[in-house]
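Okay, so here's the structure we're looking at.
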Amino acid sequence: MRMLKDMSPKNVLFRKGFWKSRVDMVTEKLIPYQWKALNNRIPGAPPSFAVENFRIAAGESEGKPKGTIFQDSDVAKWIETAAYSLMIRSNPELEQIIDELVRLIEKSQLSDGYVNTFFIAGNPEKRWTDMNMGHELYCAGHMMEAAVAYYEATGKRRMLDIMCRYADHINEVFGPGENQNHSYDGHPEIELALHRLAKVTGEQRYTRLADYFLGVRGSVEDFYTGKATQSGMMHDSRWFLNDYYLAHKPVEEMNQAEGHAVRAMYLYSAMADMSRSKGGRKMLKALTSIWRNTVDEKMYITGGLGSQSHGERFTIDYDLPADTGFFETCASVGLVFWARRMFSAIQHGEYPDIIERALYNGALSGVSLDGTRYFYSNPLEVNPEVAAYRHDHEHIQISRVPWFDCACCPTNIARLIESLGTYMASCSENAAWIHQYTACEMNILLEQTSVRIKQDTEYPWDGKIRISLKMEGSLNFTLFLRIPGWCADFSLWINGEQQRKPLLENGYLVMSRTWQNGAQIELDLDMPVRFVRSNSNVREYAGKVAVQRGPVVYCAEEVDNGKGLQELVVDPTAKTILEHDNSLMEDTRIIYLTGYRDKAEGDALYFEYEADKDFVPCRIRTIPYYQWGNRGDGQEMRVWLRVKQ
């Protein structure tokens, strides 16, 4: 196994195009907008109370904390997002806001190191008494991740020191000792944070604590208590037993995706961190089995996860309902976290493939094009009238909203986009892997030599990628370029010479040579419109196809095609038309399909079938799935379309 170095957002400059516009959107619009939301300043949006809770806990305001039991995590993810933005560009005003927040956090911290506004200011006697839903370790983890990011961005240690004191307190409370708490958190997250904290501080006790939380998981009997939780929730059904919390068996014995989808993604990410740090083969075997089950049998075409809203969880294999699944934005974000860590353990292109799928579809759908409205769930089919009435659709937003009572998703997608540089490439001592394609410049250190890798491309709209290398003199190393799983044909040129039989291994072109300063590489990925069908075990999609071009999944929306999208029937054998379009607040590509509208006329509920009688030719306009819900409220939308037989 190669020891790979993680990229830092500091080392990636987005120059133009698709991801540059989104990183700029987060920096210029989303971070200020979310700061207002956290301070209850968005008219018409549910109040957050998140910042005010810290003022209360610090003794600078009166009252009891409000909002969810894990409201502190929203503040933490906002700080983390802002820290990534500071890695990209200086912003003294933003830095001052964060420093004031850090002051409040420090003032709220108890003498033993404990930090949590819900318990400090409202329920001090109940600390560490509800490991199911108390979310104390979850909030601690997000705070630690924020502290690490802010330290890496600015060099300021104040928040890092606060969180080290908290981590030391947790290390005293939890562990195998006779007088310690032998449990773990119902919502994994702190394990990821402790690994990050250990890396930046060099303190291996944090790694050992993370390993303890993983190692003890599944061994505490009756983790599910059946009692009302601190958050007031009473879980008394089969959907909220130990498997919901991923507490039903030791982690090394897990072999399929189960339980709450976001909890699962964070846990599997932590397991990958542990496997990477300790080289555990048994853990990696478990992870590989879980991965196969997730992406081969339980993942939506958009990278969405969680097929049941009750419990926001996985169910059985191939159960992937298009309209009632949960598809939480945070689950797709978590899938990206996990896939990156899997690549660090196993260098295979399928992991960046899944990152790409989730980035361009299931995760990006969670935020509007202007950054001010959000989806919590990202369904593949919406009928507004049904969703507004039926109980099993109550989790589906028929229109994007300005904020949520439970606002984990807006802050999560923000920190993912702003940290995008992390996912662009990896390197070892003498090799570099290019995972994602966009117009950018990356600085990579190979054998103590700085190599600047510049990409010019209009990806994902165009498959042509131009790469140039800049370094002092020459350097012998291996360059890996990912060939996406959706790409059936490609061409490669190096310094103007076409490579007739390039080496392709594990989803990557492998180019080992002595590279000269100014070397030019041209990669042309064939990017046709594709009609994708599902495994026949997915009953929802029998006789249907989804439209995909490059990494982007498309959908039909009511504003383009009128009501009654269930009547649309596509002919995959007919011509498709690709067009530029600027009507969706950005330069994009739309696809026109040849199809029919199968509209049964008359008032009868049921009647005799007559082949082709009711098929009326039409043109079906499709847009990138992530863009839906940006042109008016209450629109029908559909990804999977019927096929003309």
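Our numbering puts the first residue of the sequence shown at 563, with every later residue one more than the last. For glycine and all other residues, C-beta sits at the position ideal for the given N, C-alpha and C. Everything numeric in this text was worked out from a predicted model, so none of it was measured.
Residues bridged to residue i (per DSSP)
i: residue 575; result: 1003
i: residue 810; result: Its beta-bridge partners do not exist; DSSP assigns none.
i: residue 1179; result: 1158
i: residue 1200; result: 943 and 1118
i: residue 1142; result: 1151
i: residue 1053; result: 1086
i: residue 565; result: Its beta-bridge partners do not exist; DSSP assigns none.
i: residue 546; result: This structure does not reach residue 546, given that the chain is present from 563 up to 1207, and the question cannot be answered.
i: residue 1186; result: 1116
i: residue 899; result: Partner(s): none; residue 899 has no beta bridge.
i: residue 822; result: 875
i: residue 1019; result: 1027
Status (buried if at least 16 other CB within 10 Å, exposed otherwise) for residue i
i: residue 1185; result: buried
i: residue 951; result: exposed
i: residue 680; result: buried
i: residue 796; result: At residue 796, the pLDDT of 49 sits below 50, so the modelled position is not reliable; the number obtained from the coordinates is stated separately. Under this definition residue 796 is an exposed residue.
i: residue 1068; result: exposed
i: residue 794; result: Confidence is the limiting factor: at residue 794 the pLDDT is only 47, short of 50, which leaves the residue's position unreliable and the question unanswerable from this model.
i: residue 769; result: buried
i: residue 636; result: buried
i: residue 1207; result: exposed
i: residue 649; result: buried
i: residue 565; result: exposed
i: residue 913; result: buried
i: residue 896; result: buried
i: residue 860; result: buried
i: residue 1178; result: exposed
i: residue 878; result: exposed
i: residue 1168; result: exposed
i: residue 1173; result: exposed
i: residue 831; result: buried
i: residue 646; result: buried
i: residue 1201; result: buried
Residue i versus the options, residue with shortest Cα-Cα distance
i: residue 853; options: 877, 872, 827 and 1113; result: 827
i: residue 677; options: 978, 1121, 629 and 620; result: 620
i: residue 573; options: 666, 984 and 1030; result: 984
i: residue 595; options: 864, 617, 569 and 640; result: 640
i: residue 1101; options: 1055, 947 and 884; result: 884
i: residue 584; options: 824, 927, 914 and 948; result: 927
i: residue 614; options: 634, 804 and 1152; result: 634
i: residue 661; options: 1065, 1091 and 709; result: 709
i: residue 1129; options: 1062, 579, 1204 and 1144; result: 1204
i: residue 774; options: 752, 902 and 758; result: 752
i: residue 818; options: 824, 830, 847 and 851; result: 851
i: residue 665; options: 1092, 617 and 1156; result: 617
i: residue 736; options: 716, 606, 714 and 689; result: 689
i: residue 1091; options: 923, 1083, 1039 and 1154; result: 1154
i: residue 746; options: 687, 685 and 813; result: 813
i: residue 1147; options: 841, 565, 781 and 1188; result: 1188
i: residue 829; options: 891, 749 and 571; result: 749
i: residue 1105; options: 1097, 578 and 842; result: 1097
i: residue 1143; options: 1108, 1183 and 568; result: 1183
i: residue 776; options: 901, 835, 1052 and 1074; result: 835
i: residue 865; options: 871, 873 and 882; result: 882
i: residue 1195; options: 936, 716, 588 and 703; result: 936
i: residue 932; options: 568, 591 and 576; result: 591
i: residue 1000; options: 839, 729, 982 and 1013; result: 982
Any chain C beta carbon closer than 8 angstroms to residue i
i: residue 908; result: The chain inventory of the structure shown lacks chain C, comprising one protein chain alone.
The ligand SAM heavy atom lying under 7 angstroms from the CB of residue i
i: residue 665; result: This structure simply doesn't include the ligand SAM, nor any ligand for that matter.
Only counting runs of 4 or more residues, tell me where the alpha helix (DSSP H) segments fall wholly within the stretch 679-703, in order along the chain. 679-682
Per the contact definition of three or more C-beta pairs closer than 8 angstroms, is the stretch 687-698 in contact with the stretch 613-627? no
Completely contained alpha helix (DSSP H) runs for the stretch 730-760, where each covers 4 or more residues: none
Runs of alpha helix (DSSP H) wholly within the stretch 941-977 (minimum 4 residues, chain order): 946-949
Any contact between the stretch 954-962 and the stretch 903-918? By contact I mean 3 or more CB pairs, one from each, below 8 angstroms. no
Complete alpha helix (DSSP H) runs within the stretch 583-609 (minimum length 4 residues, chain order): 593-600
Within 8 angstroms, do at least three Cβ pairs link the stretch 1026-1034 to the stretch 1053-1062? no
For the structure I just gave you, are there three or more beta carbon pairs, one from the stretch 1065-1083 and one from the stretch 1035-1051, closer than 8 angstroms? yes
Would the stretch 956-973 and the stretch 998-1007 be scored as touching if the rule is three or more Cβ pairs under 8 angstroms? no
Contact between the stretch 646-663 and the stretch 762-775 (3+ Cβ pairs under 8 angstroms): no
How about the stretch 942-951 and the stretch 1162-1182: do they share at least three Cβ pairs that are nearer than 8 angstroms? no
Contained alpha helix (DSSP H) runs [length at least 4] in the stretch 608-666, N- to C-terminal order: 612-619 and 634-650
For the stretch 989-1002 against the stretch 963-981, do three or more pairs of beta-carbon atoms, one drawn from each stretch, fall closer than 8 angstroms, so that the two count as touching? no
Determine, using beta-carbon pairs with one atom in the stretch 869-876 and one in the stretch 1105-1118, whether at least three such pairs fall under 8 angstroms. no
Segments of 4+ residues assigned as alpha helix (DSSP H) that fall wholly inside the stretch 833-865: 843-859
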